[in-house]
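Chemist: Residue numbers (my numbering): 50 to 377.
Next up is a structure, given as structure tokens.
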Amino acid sequence: MKKQIIAAAVATSISAIAMADVSITGNANYEYFAKEDTTGVKTNYGDTELNLKVTGKSGDTTAVVNFEVDTSGTDASTALDIEDVYITSKIGDINIKAGDFASGTSALGGEIDNGGRVTNKVSLSTKVGDATIGYNVDQGSANDTFLTAESSVTASMPIAGWTVQVKENSDTATWMGVKGSVAGINARIEQKDSDTASSDVLFYELGTKFGGMNVSYAALDADAGGKIAEDDSSTFARSIAGNAYVDGMYQMKASTDVDGTTVGVRFGEATGIAGVQDAAFSEISATRKLASGATLAVQYDDYESFGIASGSTMTDTQVFEIDLSVSF
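Right, here's the structure in full:
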């Protein structure tokens, strides 16, 4: 009898595991860097990183946790980092997302302000006709209540094939944006209207396709230096986050496919404030999917230093990078 009870318990456990809606996805990469600048400094180093996303679902509710494992290279001190931890669900027509998560660079203002993770964040959204409206509360790590924490109201709506967005934070700024396509040209334009004087920022990107080549032009323009906070851009080859000597940047980008290898180039300048030189940069890359399932990327960067006074000698840096990655 005991054996039958045990067998039934095991069978029930196996059935429960089989029915559980849990998935694990992720990616990993190894990078090797060879770096040298015009002062004669040479640096060679590697970095290995593994990212895992664990997702569990039950009906309309989803729980997510993201892990980053990085035990070598420049981020070795982080070792194991638990990044996003959040739950999404629904109450009637209201969508809920609560926990620790990042907004990302594709969100409104994402190329201007750092879309880094905020702890104890709650986002509510719903549809009103064609419009989507939302309310966000960012408690952060402070001992704030939902009534005293920083909050914002968002709205987005499709109009004649374009998506119009607005975000209002009564304490800091108003963000406005529009994105869409006309006559084969893709456009994304966003403006941060800051409550602080001389702190407004404009971002825009225009792109199209000529034959088999994708081309785009992107720019950031701030009222003053140090007003751009995003440090992990998905658009620009260089980061100018928080740099007090830089008030903007522009970039040209082109890419095409050559026998299964994607070849790309990005080049432009970070514009210096008065009395500071502009800093040019360029990047050439080649990416190819391998038969093994991995992706191999080779990249060469050449860039000038920020914050060099007018008339002074500019420091130039070259970086050669090899990246072997896989997604699963």
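C-beta atoms are modelled at their ideal positions from N, C-alpha and C, and glycine is treated no differently.
Under the three-state reduction of DSSP, which class applies to LEU255: helix, strand or coil?
Modeler: In the structure shown, LEU255 sits in a strand (DSSP, three-state: E or B).
Chemist: CB-CB under 6 Å to ILE238, same chain, minus the five flanking residues each way: which ones, in chain order?
Modeler: Around ILE238: VAL227 and TYR253.
Chemist: Determine the direct distance from the alpha carbon of ALA180 to that of THR364, and round the result to whole angstroms.
Modeler: 50 Å
Chemist: In terms of residues, what are the limits of the beta strand (DSSP E) holding THR223?
Modeler: 222-231
Chemist: Pull up the CB-CB distance for GLY141 and SER152, whole angstroms please, since I reckon it's below 8 Å.
Modeler: Not really, about 24 Å apart at Cβ, beyond 8 Å.
Chemist: Looking only at its own chain, which residues have a Cβ that is under 6 Å from the Cβ of ASP124, when we skip the five neighbours before and after it?
Modeler: With a pLDDT of 49 at ASP124, under the threshold of 50, the modelled position of that residue is not reliable, and the figure given next carries that caveat. There are no such residues.
Chemist: For TYR294, does the three-state DSSP call read helix, strand or coil?
Modeler: coil
Chemist: If you run the structure through DSSP and keep just helix, strand and coil, what is PHE377?
Modeler: DSSP places PHE377 in coil when its eight states are reduced to three.
Chemist: Between the C-alpha atoms of GLN367 and TYR349, what's the straight-line distance to the nearest angstrom?
Modeler: 7 Å
Chemist: By how many angstroms is the C-alpha of VAL118 removed from the C-alpha of GLY178?
Modeler: A straight line joining the alpha-carbon of GLY178 with that of VAL118 spans about 43 Å.
Chemist: Please say whether LEU373 and ASN115 have beta carbons closer to each other than 8 Å?
Modeler: No.
Chemist: Please go through the segment 134-168 and give each complete beta strand (DSSP E) segment of 3 or more residues, from N-terminal end onward.
Modeler: Correct list: 143-150.
Chemist: Can you tell me where the beta strand (DSSP E) with ARG237 in it begins and where it stops?
Modeler: Counting along the chain, the beta strand (DSSP E) containing ARG237 begins and ends at 234-243.
Chemist: Select from LYS276, PRO207 and TRP224 the residue whose C-alpha is nearest the C-alpha of SER230.
Modeler: PRO207
Chemist: With three or more C-beta pairs closer than 8 Å as the rule, is the segment 234-250 touching the segment 266-284?
Modeler: yes
Chemist: Considering only the beta carbon of each residue, do THR92 and LYS84 sit closer than 8 Å?
Modeler: yes
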